[in-house]
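Undergrad: According to our numbering, the sequence shown is numbered sequentially starting from 621. Pasting a structure here, questions to come.
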Amino acid sequence: MLRTQTSAAARRPGRLVLTGLAILVASFVVFGTVLVQQITERTVRDNLSGTPAATDLVIGDSEQPPPTVTDLQHVRAVPGVAEAVGRVAIGVSLGEGYLNLQADPGTGPLATVQVVEGSYPEGPGEIAITPRTAERLGLRVGSTTNGTAGELTTPTRLTVTGVVETAVDAGSDAYAPDRLVISWAHLTTVERVDVRAAPGESEAVRQRVTEVVAAGQPVRSGAEVRQAEADAAAQEIGRLFILVGMFVSIAVVAAALVVTSTFRIVFAQRMRQLALLRAVGANRGTLVGALTAEGALTGFVAGVVGVASALALGYALPAVLRSTGHAVSSPGLPLAAAVAVVIGAVVITVLAVLAPALSAARVSPLEALRTASTTAGRRGIGVLRLVFGLLLVAGAALAAVATISQLPEPEQRSYDPTEPLLLLVGSGALAFFALVALGPLLVRPVLAVVGWPLRQLGSLGRMSVGGIGGAPRRAAAVSVVVALGVTLISGVVIGGASLQVLAEREMALSAPSDFEVTSNGGTLPAAVVTRAEAARGALSRVVPYRRIDDVTLMRGADRLGDAEFGYPTNDLDLAVLPSTGDLDVAEGTLADRGPGRIVLNSWVAGNAGLRAGDAVTLAIAARRVDVRVAAVLPGDGPLHAGILTDRADLDRLGVPTAYTGLLADAAGSGEDGRTAGVRALRQAIGGSEGVGLAVLADERDRNDEVVSTLVWIAVGLVGLTVLIAVVGVGSTTALSVVERVRESGLLRAIGLSRPGLRTMLTVESGLYGVIGATIGLLLGVPYAWLAVQTLGINAPLTVPVLPLVGLFVALIVLTALAGVLPARRASRVSPVVALGADG
């Protein structure tokens, strides 16, 4: 029996690969993930260290007191030391902005920058800047500016002598040799000292250096430091790949479900053969063992092919990328992981084949008298499976109710999402397995709804719907995997959109415009505001504001709240800011804000015990103004204001009319428009002392990039499940074509054309996607809402209709395309040959 079944499977390698195609893809994904992690970690270790490769010794550690300038001088005097560089960075305040001035030799093996224009600084007060810094600050080689740093209160002239390229250009970076930075800022310590020893002197130099530096000062080799930096980066990568592993595990579960469905079809096609084996003496146990061995062989072949394919791509892709100038390292040869993946493929396939094998082994020997070699699949489910499925539904509902009961209250300050998230994951898992159990019962009602438009299109549409409805167990097995993928992707899309809205609200509070000019606690010169308002070619709007920090809230003679010095208050005009539409309110409405009506952030409202509509008095010293609360924000106020009031109310409180800051937006788009805005504001600031400029748009860009990157990574990971689902649809359609040869021949004999048959089978494949996507969206939207609420981040549920419609259509197209080749194969069979087949 064992030899018969395994040799029969081996003689038909095409069917063998087709049967295990989902496991092949899963093996490829799993082993490919191992190789990608190795490639990423090796690339980080080889290329992304902040310590130059020529560094032999590093003196200093962030957890210890820093080396002194005296230590640096002593190290330079040690015999055998070829070069010693003090690494230090200081913040420099300019009249037009900010610089991060870093010490770097500029040339030689220990340099981290490269001069691309001009020359590297050599004398006092000279600096080199990056290209983006030059654009932002309007500086060029030969320009001069004034700056202060540390304890320096008197501005000192700085001259730009060169432009340098670096690995990362933040738009505010400057460089100079360590001796110039130390002397200019009067530093007594540096962050660390990098040492390059003369050839062959490394060990001797280490001993000498240890003797001359302060006691307890750590001295590490450059290799140790580079390894520590690489390990820190690799640790972050490891955390990311733990998350990747979770999604890959879901894809493996999906592959197991597809393989179970595939073997059920394959065994149903061989019922007459299995019955003959029973008739000649094979018992059920022997038959189960033989069919399981066939599954093990399938898993082994699929696992080996998947691992070999991943290994080939894993070595070829880095080589191609290196040829295009990208620094990408090759992976190793993880034999243990490869063997584990192949063994895992065999185990998963054996587990997946057990249920179909046990079902097939129950065939009666009398089935050998059938004229057809196939048997129709069962349409319903047993009582035990029904009860088990209903219990799973009840468990999923109870877990969801328990999750909802633990959601944070609107005013709750401390909230731990761990337990609610675990309950939510448990509810989702129970719901999925309930769908697996009850899927055959759900196919027909869902098909009745989604298949109605097709039935109106004529006989082809009715036959396509009937083909799916005639095998509900098969349709359920494949559609459930599609539903799992759609549920995950729709949840990620909805969650990402909700997080994006939350991020936009946060940015509308902390960065409501492209630029902010501040007076560092004082007031802006009137000329700065006038010149900024006149720069209409570079700036689209300028919104000045006043800010004070000592406004108190009173009711009668009683002071509200426990803030010792009052609440921060500003009169920012929200009506002219485009980001105001992104703001949310917990109570009231922002439209009611005006003279005599204020807006509070949630902390001030809670601290003072106020709600929207309450009357209250603003007070500064002896001045009083009666106002009413128009709205309460769910979090902080714009520019971290506790109270947002009207300009007229601050006038009545006696606040000076001079502005303390202003917001502005760039007139143009992109980096060019932002650079023009920076230059215009720099000219408006001129030489005004104590006035600073911040580019808030950069913060928005970084925030948007982080959110978008996270969403796309998550979509890519859950897309693995969709890939498995599409493979399942293709293999199921291909095998069902073999099962329905006579049906296809009969349809051709009574007049159905080849294009008609191809269309019918392709539409059937697409219907798997329609059913799965429908069920997936019905599950994905409520679970996404629960997930957003469970995180406790006050993000609103945002359902992006167009992306979800696009996802729905894409799944239908992908599953339909998966059936194109099997449909073409079926249409090429002659009706005479098909009618002569035994079914």
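Ideal Cβ positions, reconstructed from N, Cα and C, are used throughout, including at glycine.
Using a Cβ-Cβ cutoff of less than 7 Å, which residues in the same chain neighbour Ala1300 once the five nearest sequence positions on both sides are dropped?
TA: Taking the first residue of the sequence shown as position 1, residue 1300 is located at position 680. If we look at Ala1300 and ignore the five residues flanking it on each side, its Cβ neighbours are Ala1155, Ala1158, Leu1159.
Undergrad: What three-state label does DSSP hand Ile1413 in the structure shown?
TA: Position 793 of the sequence shown holds residue 1413. Residue state, collapsed to three classes: coil.
Undergrad: Inspect the beta-carbon positions of Val815 and Ala697 and report whether they are closer than 8 Å.
TA: Here residue 815 refers to the residue found at position 195 when the sequence shown is read from its first residue. Here residue 697 refers to the residue found at position 77 when the sequence shown is read from its first residue. Result no, Cβ atoms of Val815 and Ala697 do not sit closer than 8 Å.
Undergrad: Which residue from Ser822, Gly905, Leu1108 puts its Cα closest to that of Leu1427?
TA: Sequence index remark: in the sequence shown, residue 1427 carries index 807 (1-based). Taking only the C-alpha atoms, the option nearest Leu1427 is Leu1108.
Undergrad: Could you give the first and the last residue of the continuous alpha helix (DSSP H) run that contains Val1234?
TA: Your numbering for residue 1234 matches position 614 in the sequence shown. Before going on, a small fix: residue 1234 reads as Asp here, not Val. Neither: Asp1234 is in no alpha helix (DSSP H) and is coded neither H nor E.
Undergrad: Evaluate Ile1370 with the Cβ neighbour count: other Cβ atoms within 10 Å of its Cβ, from every protein chain shown; 16 or more gives buried, anything less gives exposed.
TA: Within the sequence shown, numbered from 1, the residue matching residue 1370 stands at position 750. The residue in question, Ile1370, is exposed, as its Cβ has fewer than 16 Cβ neighbours within 10 Å.
Undergrad: Just verifying my parser: in three-state terms, what is the DSSP assignment at Arg1166?
TA: In the sequence shown, residue 1166 corresponds to position 546, counting from 1. If DSSP states are grouped into helix, strand and coil, Arg1166 belongs with coil.
Undergrad: How about the stretch 1009 to 1024 and the stretch 940 to 956: do they share at least three Cβ pairs that are nearer than 8 Å?
TA: Result no; under three Cβ-Cβ pairs closer than 8 Å.
Undergrad: Helix, strand or coil: how does DSSP classify Glu1309 here?
TA: Numbered from 1 along the sequence shown, position 689 holds the residue referred to as residue 1309. Coil, per DSSP.
Undergrad: Does any C-beta atom of chain D lie closer than 8 Å to the C-beta of Ala748?
TA: No chain D is part of this structure, which consists of one protein chain only.
Undergrad: Do the CB positions of Tyr740 and Thr690 come within less than 8 Å of each other?
TA: For the purposes of this step, residue 740 is taken as residue 120 along the sequence shown, with counting starting at 1. For the purposes of this step, residue 690 is taken as residue 70 along the sequence shown, with counting starting at 1. Cβ atoms of Tyr740 and Thr690: not closer than 8 Å.
Undergrad: Could you tell me if Glu1325 is buried or exposed, where buried requires 16 or more neighbouring beta carbons within 10 angstroms of its beta carbon?
TA: In the sequence shown, residue 1325 corresponds to position 705, counting from 1. When all chains shown are included, Glu1325 counts as exposed.
Undergrad: Just the Cα atoms here: how many angstroms apart are Trp1072 and Leu1080?
TA: Here residue 1072 corresponds to residue number 452 of the sequence shown, with the count starting at 1. Here residue 1080 corresponds to residue number 460 of the sequence shown, with the count starting at 1. Straight-line Cα distance between these residues: approximately 13 Å.
Undergrad: Smallest Cα separation from Ser1025: which of Leu1010, Leu1011, Leu1041?
TA: Here residue 1025 refers to the residue found at position 405 when the sequence shown is read from its first residue. That would be Leu1041, whose Cα lies nearest to the Cα of Ser1025.
Undergrad: Apart from the five residues just before and just after Thr1410, which ones in its own chain have a Cβ nearer than 7 Å to its Cβ?
TA: To locate residue 1410, count along the sequence shown from 1; it is residue 790. Closer than 7 Å at Cβ, skipping near neighbours: Thr1023, Leu1027, Pro1037, Pro1040, Leu1041, Leu1044.
Undergrad: So, at 7 Å on beta carbons, what are the nonlocal neighbours of Val1419 in its own chain, with the 5 sequence-adjacent residues on each side left out?
TA: Along the sequence shown, read from residue 1 onward, the residue named residue 1419 stands at position 799. Closer than 7 Å at Cβ, skipping near neighbours: Ile1114, Val1401.
Undergrad: Mind the definition here: the stretch 1192 to 1199 touches the stretch 1241 to 1255 only if three or more C-beta pairs lie below 8 Å; say whether that holds.
TA: Output reads no: the stretch 1241 to 1255 does not touch the stretch 1192 to 1199.
Undergrad: Is the beta carbon of Gly926 less than 8 Å from the beta carbon of Ser647?
TA: In the sequence shown, counting from the first residue as 1, residue 926 sits at position 306. In the sequence shown, counting from the first residue as 1, residue 647 sits at position 27. Yes.
Undergrad: Pull up the distance between the alpha-carbon of Ile1432 and that of Thr1394, whole angstroms please.
TA: For the purposes of this step, residue 1432 is taken as residue 812 along the sequence shown, with counting starting at 1. For the purposes of this step, residue 1394 is taken as residue 774 along the sequence shown, with counting starting at 1. Distance between the alpha carbons of Ile1432 and Thr1394 is about 10 Å.
Undergrad: My guess is that Pro838 and Asp676 are in contact by the Cβ rule of under 8 Å, so how many angstroms apart are they, rounded?
TA: Taking the sequence shown and counting its residues from 1, one reaches residue 838 at position 218. Taking the sequence shown and counting its residues from 1, one reaches residue 676 at position 56. Going by Cβ atoms, the distance from Pro838 to Asp676 rounds to 15 Å, so no, they are not a contact pair.
Undergrad: If you count every other CB in all the chains shown that lies within 10 Å of the CB of Leu778, and 16 or more means buried, which is it?
TA: Counting from one through the sequence shown, the residue named residue 778 turns up at place 158. Buried: at least 16 other Cβ atoms inside 10 Å.
Undergrad: Could you check the C-alpha separation between Thr1150 and Glu683 for me, to the nearest Å?
TA: For the purposes of this step, residue 1150 is taken as the residue at position 530 of the sequence shown. For the purposes of this step, residue 683 is taken as the residue at position 63 of the sequence shown. The alpha-carbon atoms of Thr1150 and Glu683 are separated by roughly 49 Å.
Undergrad: Using a Cβ-Cβ cut-off of 6 Å (strictly less than) and excluding sequence neighbours within five positions of Thr580, which residues of its own chain qualify?
TA: As displayed, the chain neither begins before 621 nor continues past 1459, which places residue 580 out of reach and without an answer.
Undergrad: Pro797 and Gly726: beta carbons closer than 8 Å?
TA: Here residue 797 corresponds to residue number 177 of the sequence shown, with the count starting at 1. Here residue 726 corresponds to residue number 106 of the sequence shown, with the count starting at 1. Closer than 8 Å, so yes.
Undergrad: I'd like to check one pair, Val1347 with Val878: are the Cβ atoms closer than 8 Å?
TA: On the sequence shown, position 258 is the one that residue 878 refers to. On the sequence shown, position 727 is the one that residue 1347 refers to. In this structure, Val1347 lies closer than 8 Å to Val878 by Cβ.
Undergrad: Ignoring anything shorter than 4 residues, give me the alpha helix (DSSP H) runs that lie fully in the stretch 1373 to 1427, in order along the chain.
TA: List check, alpha helix (DSSP H) in window: 1374 to 1411.
Undergrad: Between which two residues does the beta strand (DSSP E) holding Leu795 run?
TA: The residue you call residue 795 lines up with position 175 of the sequence shown. This sequence places Tyr at residue 795; Leu is not what is there. Note, Tyr795: beta strand (DSSP E), 793 to 796.
Undergrad: Is the beta carbon of Met1127 less than 8 Å from the beta carbon of Asn1323?
TA: Counting from 1 along the sequence shown, the entry for residue 1127 is found at position 507. Counting from 1 along the sequence shown, the entry for residue 1323 is found at position 703. Yes. Within cutoff.
Undergrad: Decide if Pro699 is buried, meaning its Cβ has at least 16 other Cβ atoms within 10 Å, or exposed.
TA: On the sequence shown, position 79 is the one that residue 699 refers to. It counts as exposed.
Undergrad: Measure the CB-CB distance between Leu1283 and Val1390 and report whether it falls below 8 Å.
TA: Position 663 of the sequence shown, counted from the first residue, corresponds to residue 1283. Position 770 of the sequence shown, counted from the first residue, corresponds to residue 1390. No, they are not a contact pair.
Undergrad: Kindly list the residues whose CB is nearer than 6 Å to the CB of Thr1138, restricted to its own chain and excluding five residues on each side of it in sequence; keep chain order.
TA: Walking along the sequence shown from the start, residue 1138 turns up at place 518. Correct list, in chain order: Gly1281, Gly1312.
Undergrad: Counting beta carbon pairs with one atom in the stretch 1267 to 1275 and one in the stretch 1288 to 1297, are three or more of them shorter than 8 Å?
TA: Flag = no, the stretch 1288 to 1297 and the stretch 1267 to 1275 do not touch.
Undergrad: Around the C-beta of Val1003, are 16 or more other C-beta atoms found within 10 angstroms, so that it is buried, or is it exposed?
TA: For the purposes of this step, residue 1003 is taken as residue 383 along the sequence shown, with counting starting at 1. Val1003 comes out exposed.
Undergrad: Could I get the ranges of all uninterrupted alpha helix (DSSP H) runs contained in the stretch 813 to 861, with 4 residues as the minimum, in chain order?
TA: Runs found: 822 to 832.
Undergrad: Would Ser1385 and Leu1377 qualify as a contact pair, given that the criterion is a beta-carbon distance under 8 Å?
TA: Against the sequence shown, residue 1385 aligns to sequence position 765. Against the sequence shown, residue 1377 aligns to sequence position 757. No, the pair does not count as a contact, with Cβ atoms beyond the cut-off.
Undergrad: Within this structure, are the beta carbons of Tyr1403 and Gly1048 separated by less than 8 Å?
TA: Translated into positions along the sequence shown, residue 1403 becomes position 783. Translated into positions along the sequence shown, residue 1048 becomes position 428. Yes.
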